[in-house]
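Working notes, beginning with the structure itself.
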Amino acid sequence: MNWVTSVGIGTLYLASNTSTEVVTVEGDITISEVAKKTFTHFKYNNIHIINNTFEHSLPGLLQSASGKRSLVYIDGNHRKKFVLHYFNEFFKVIAENSVIIIDDIRWSKEMKEAWSEIKNNDQISITVDLFFMGIVFLRKNVPKQNYLIRF
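If you read the sequence shown in this note's numbering, its first letter stands for residue 1, the second for the next number, and so on.
Below, the structure is given as structure tokens:
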């Protein structure tokens, strides 16, 4: 599940395993149309684009992800309150061994705070900080580990 489409290049990477389904959300109709053309041009049939806001799309996305092992990529709204809300809602419903990626974790003070809160959550065992994005691995029964990759 990709939360921001833009022109679709990142979504193509996520959908390169054609046995997976990628659902992506883009709020801007013009950008959404460009992304659709990109997906069609590269003949990717496993991408489903939703042209709506994150807030309006969230209930349906949570329902479709419920109980499934998922990769959730959160990007778009860079306010702490919303990032934490999206993260927590997906955290509640997706299956163990899922992965949540949060883009732009150093975009602003609010994003840094959101990332810090996520990685310090006692229910989160493994995080990887890649400077521009953070990766959360939902694994139970493993010791808490926060990795910072420097490159």
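Positions of the beta carbon are idealized from the N, C-alpha and C atoms, including for glycine.
Checklist entry - Buried or exposed: which applies to Lys119, given that a residue is buried once 16 or more other Cβ atoms fall within 10 Å of its Cβ? => result Against the sequence shown, residue 119 aligns to sequence position 119. With at least 16 other beta carbons inside 10 angstroms of its own, Lys119 counts as buried.
Checklist entry - Anyone know if the C-beta pair for Asn52 and Arg69 falls short of 8 angstroms? => result For the purposes of this step, residue 52 is taken as the residue at position 52 of the sequence shown. For the purposes of this step, residue 69 is taken as the residue at position 69 of the sequence shown. One thing to note: Asn52 has its Cβ no nearer than 8 angstroms to the Cβ of Arg69.
Item to check | the segment 76-86 / the segment 103-123 touching (three or more Cβ pairs under 8 angstroms) | outcome: With three or more CB-CB distances shorter than 8 angstroms, the segment 76-86 counts as touching the segment 103-123.
Checklist entry - Do you know offhand how far Gly76's Cα is from Asp129's? => result For this step, residue 76 is matched to residue 76 along the sequence shown. For this step, residue 129 is matched to residue 129 along the sequence shown. C-alpha separation (whole angstroms): 18 angstroms.
Item to check | Selection from Tyr13, Leu58, Glu26, Asp103 that minimises the alpha carbon distance to Lys92 | outcome: Here residue 92 is taken as the residue at index 92 of the sequence shown, counted from 1. Ranking Tyr13, Leu58, Glu26, Asp103 by Cα distance to Lys92 puts Leu58 first.
Checklist entry - For the candidate residues Ser108, Ala65, Phe90, Leu14, whose alpha-carbon lies nearest to that of Tyr44? => result Along the sequence shown, one-based indexing puts residue 44 at 44. Considering only alpha carbons, the answer is Leu14.
Checklist entry - For the putative contact between Asn87 and Leu62, defined by C-beta atoms under 8 angstroms, what is the C-beta separation to the nearest angstrom? => result What you label residue 87 is simply residue 87 of the sequence shown in a count that begins at 1. What you label residue 62 is simply residue 62 of the sequence shown in a count that begins at 1. Note that residue 87 corresponds to Phe in the displayed sequence, not to Asn. Not quite, the Cβ-Cβ distance comes to about 12 angstroms (not below 8 angstroms), so this is no contact.
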